[in-house]
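Under our numbering, the sequence shown has 57 at position 32, and the numbering climbs by one with no breaks. All C-beta atoms in this analysis are idealised placements derived from N, C-alpha and C, irrespective of residue type, glycine included.
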Amino acid sequence: MGINICPSCSERLTRLTQKCPKCGIIIEKSISPVMIVVGIVVFLLLVVIAGLILF
């Protein structure tokens, strides 16, 4: 695991889902763009399959 850094104040963090001790911002793990694309593709496939079944 790499070093996690607060995007606001550049403080080093031990976990990515913790409150920054320096500036108080709660850091949350973000969803990677790859997972967003995979989700969109799966959704579109389900829509196409549903369309083929209904028509």
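Apply the 10 Å Cβ neighbour rule to C45 and answer buried if 16 or more other Cβ atoms are within range, or exposed otherwise.
Working through the sequence shown from its first residue, we reach residue 45 at position 20. Per the 10 Å Cβ criterion, buried.
Host alpha helix (DSSP H) of P58 (start-end)
For the purposes of this step, residue 58 is taken as the residue at position 33 of the sequence shown. P58 to L79 is the extent of the alpha helix (DSSP H) around P58.
Residues near I51 in its chain [Cβ-Cβ closer than 7 Å; skip 5 each side]
As a working mapping, residue 51 is identified with position 26 in the sequence shown. Excluding residues within five positions, the ones whose Cβ falls inside 7 Å are K44.
Using C-beta distances below 6 Å, list every residue in its chain close to C34, excluding the 5 sequence neighbours before and after it, in chain order.
In the sequence shown, counting from the first residue as 1, residue 34 sits at position 9. For C34, where only same-chain residues beyond five positions count, the Cβ hits under 6 Å are K47 and C48.
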